[in-house]
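J.: Just so you know, the sequence shown maps onto residues 11 to 380 in the working numbering. Ideal placement from N, C-alpha and C gives every residue a C-beta, glycine not left out. After the structure tokens below, expect a handful of questions from me.
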Amino acid sequence: MEEFKIGDLTARLPIIQGGMGVCVSMSGLASAVANEGGIGVISAVGIGMSEPDYRKHFRESNKIALRKEIRKARLKTRGIIGVNIMMATSDFDELLRVALEEKIDVVFIGAGLPLKIPAFLESINQGDTATKIVPKVSSSRAAKLIFRHWLEKYERIPDAVVVEGPLAGGHLGFGKEELQNNRQSLITILKETVAGMDFFQQVTGREIPVIAAGGIYTGGDMYNMLQSGAKAVKMGTRFVTTTECDVSEKFKQNYIDCSKEDIVLIDSPVGLPGRVIVNDFVREIQQGAQKPVRCPWKCLKTCDYKKVQFCISEALFNAARGDFSHGFSFAGTNAYKAKAIISVRETIDQLKEEFYREELRFQPIEVSAY
Ligand SMILES: Cc1cc2nc3c(=O)[nH]c(=O)nc-3n(C[C@H](O)[C@H](O)[C@H](O)COP(=O)(O)O)c2cc1C
């Protein structure tokens, strides 16, 4: 298993923990992963909901909580820490600014095409920031669009790209019909994206690491992705059932108790499908029930809060705290594989063992007779 380089940063392991919003991946999980040699990621999405006066000062709460969590993570590790921000959030710019002010190592940008980021960086005098900027896409077409736009307009490119396939947890960049009919596979999209980056590598003379995500659960899965051109993998679901994950025990237990059939798709007010673990709350919204929506503020650019059936942030926050009567958990297709809550170190050890077992299967060591 080789180390992972992104610009001048080197992680001992090619493992990135996916940012998990609304208080699932905070400083606890991120620092534990970073301490083991991977890249730990704090999700800025809904992070302020953990603050006592969130309902009164939502915008400030998000900024305060993000700054606090980055600083807490820095106290716990000297490893690489990233922040995940969704383009779809109303305070995207402000959260990005906090992350840059805190000199975060990497920013992963999901749920949208980050076309104008270089202009924003210039506007806040961060044009020469050392922070790595990494968009997350679901197709090679989207990756090429972002890279071409940045290159033509700003004469720079993102530092890496995450390509996420259809099996991931959380919001998905595919149509529901595509997901239900298994029309796409991560391996195919990954290979297309790796090939699509060739041109930009040649023009800029820079290496562009492609990171694979979505449904990667075992070291064997990791091996296959790295063999298919990925330089690292990004895993969310696998890290939920760790001792250090910042979410409630009930949330982790929900993963351990669920079956394969319990993992379903819903329509999220973000305007994208989301993958969740079914429960009564989910069944009710699937049947069209209207849930009370007490929108403290319009946290998502795309949310029509006067019309939505439920508040996604509240539902996820309730579940994060262990209240499944008023919420549900996001989860990847492999969540049912979790058997117990173990430490991040044990998880990484298992991943390494699974990886080397798969490697041996494909590259058996020749034992010469002597
Ligand atoms: C509980 C949960 C919450 C997530 N929240 C976010 C989020 O806030 N923003 C984001 O860009 N991705 C989010 N994701 C996606 C992860 O960052 C990662 O890309 C994904 O989990 C990879 O697929 P996997 O779960 O199969 O490993 C979430 C995933 C899970 C499981």
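1) The beta strand (DSSP E) with glutamate 174 in it runs from where to where?
2) Note down, one range per segment and in chain order, each alpha helix (DSSP H) of at least 4 residues found wholly within the segment 67-107.
3) Using the Cα positions of glycine 281 and phenylalanine 210, report the straight-line distance between them to the nearest angstrom.
4) Evaluate lysine 391 with the Cβ neighbour count: other Cβ atoms within 10 Å of its Cβ, from every protein chain shown; 16 or more gives buried, anything less gives exposed.
5) Start and end of the beta strand (DSSP E) containing threonine 20?
6) Out of Asp101, Pro302, Arg158, which one is the CA nearest neighbour of tyrosine 315?
7) Let me check one thing: in DSSP terms, what residues is serine 53 bridge-paired to?
8) Three-state secondary structure (DSSP) at isoleucine 197?
9) Valine 220 and valine 171 look like a contact to me (Cβ under 8 Å); what is the Cβ gap, rounded to whole Å?
10) CB isoleucine 276 to CB alanine 345, shorter than 8 Å?
11) Return the CA-CA distance between serine 53 and glutamate 104, expressed in angstroms with no decimal places.
12) Is serine 339 near ligand 1, judged by its Cβ being under 7 Å from some heavy atom?
13) So, for aspartate 231: in the same chain, excluding its five sequence neighbours on each side, which residues have a beta-carbon less than 8 Å away from its beta-carbon?
14) Tell me the start and end of each unbroken beta strand (DSSP E) in the segment 256-323 that is at least 3 residues and wholly inside, in chain order.
15) Please determine whether the Cβ atom of arginine 107 lies at a distance below 7 Å from any heavy atom of ligand 2.
16) Roughly how many angstroms separate the alpha carbons of alanine 348 and glutamate 254, rounded to a whole number?
17) Within 10 Å of its beta-carbon, does glycine 298 have 16 or more other beta-carbons around it, so buried, or fewer, so exposed?
18) For the segment 143-159 against the segment 167-184, do three or more pairs of beta-carbon atoms, one drawn from each stretch, fall closer than 8 Å, so that the two count as touching?
19) Can you give me the Cβ contacts of glutamate 259 inside the same chain, cut-off strictly under 8 Å, excluding the 5 residues immediately before and after it?
20) Looking at isoleucine 74: is its Cβ nearer than 8 Å to the Cβ of glutamate 61?
21) Consider the C-beta atom of valine 213 and the heavy atoms of ligand 1; say whether any pair is separated by less than 7 Å.
22) Check whether the Cβ of methionine 59 lies closer than 7 Å to any heavy atom of ligand 1, and answer yes or no.
23) Could you please give me the residues that DSSP links to alanine 223 through a beta bridge?
24) If glycine 48 and glutamine 27 are in contact, beta carbons under 8 Å, what's the gap, nearest whole angstrom?
25) Would you say the segment 75-95 touches the segment 109-120, given that touching needs at least three Cβ pairs under 8 Å?
T.: Quick look at the numbers:
1) By 1-based counting over the sequence shown, the position of residue 174 is 164. Judged by DSSP secondary structure, glutamate 174 falls within the beta strand (DSSP E) whose first and last residues are 171-174.
2) List check, alpha helix (DSSP H) in window: 68-86.
3) For the purposes of this step, residue 281 is taken as the residue at position 271 of the sequence shown. For the purposes of this step, residue 210 is taken as the residue at position 200 of the sequence shown. Approximately 31 Å between the Cα atoms of the pair.
4) The question about residue 391 has no answer, for the chain in this structure spans 11 to 380.
5) Position 10 of the sequence shown, counted from the start, is the residue given in the question as residue 20. Where threonine 20 is concerned, the enclosing beta strand (DSSP E) stretches over 19-21.
6) As a first step, residue 315 must be located in the sequence shown, where it is residue number 305. Comparing Cα positions, the closest option is Pro302.
7) Reading the sequence shown from its first residue, position 43 is the one you call residue 53. Beta-bridge pairing links serine 53 to Asn94.
8) In the sequence shown, residue 197 corresponds to position 187, counting from 1. Isoleucine 197: helix per DSSP, three-state reduction.
9) On the sequence shown, position 210 is the one that residue 220 refers to. On the sequence shown, position 161 is the one that residue 171 refers to. With 8 Å as the limit, valine 220 and valine 171 qualify as a contact, their Cβ atoms being about 6 Å apart.
10) As a first step, residue 276 is located in the sequence shown; it is residue number 266 there, counting from the start. As a first step, residue 345 is located in the sequence shown; it is residue number 335 there, counting from the start. Contact: no.
11) Here residue 53 refers to the residue found at position 43 of the sequence shown. Here residue 104 refers to the residue found at position 94 of the sequence shown. Answer to the nearest angstrom: the Cα atoms are 14 Å apart.
12) The count along the sequence shown starts at 1 and reaches residue 339 at position 329. Answer for serine 339: yes, Cβ within range of ligand 1.
13) Sequence index remark: in the sequence shown, residue 231 carries index 221 (1-based). So the list reads Gly225, Val243, once near-sequence residues are dropped.
14) 273-277, 283-287
15) This structure does not include ligand 2; its bound ligands are ligand 1.
16) In the sequence shown, counting from the first residue as 1, residue 348 sits at position 338. In the sequence shown, counting from the first residue as 1, residue 254 sits at position 244. About 15 Å.
17) Sequence index remark: in the sequence shown, residue 298 carries index 288 (1-based). Its Cβ having fewer than 16 others within 10 Å, glycine 298 is exposed.
18) yes
19) Position 249 of the sequence shown holds residue 259. Closer than 8 Å at Cβ, skipping near neighbours: Gly332, Ile351.
20) By one-based count along the sequence shown, residue 74 stands at place 64. By one-based count along the sequence shown, residue 61 stands at place 51. Yes, these two residues count as a Cβ contact at 8 Å.
21) Locating residue 213 in the sequence shown gives position 203, counting from the first residue. Answer for valine 213: no, Cβ out of range of ligand 1.
22) Residue numbering aside, residue 59 sits at position 49 when the sequence shown is read from its first letter. Every heavy atom of ligand 1 is 7 Å or more from the Cβ of methionine 59, so no.
23) Translated into the one-based positions of the sequence shown, residue 223 becomes position 213. For alanine 223, which the question treats as bridged, DSSP gives the partners Glu174, Lys244.
24) Residue numbering aside, residue 48 sits at position 38 when the sequence shown is read from its first letter. Residue numbering aside, residue 27 sits at position 17 when the sequence shown is read from its first letter. Yes, they are in contact, since the Cβ atoms of glycine 48 and glutamine 27 sit about 6 Å apart, within 8 Å.
25) yes
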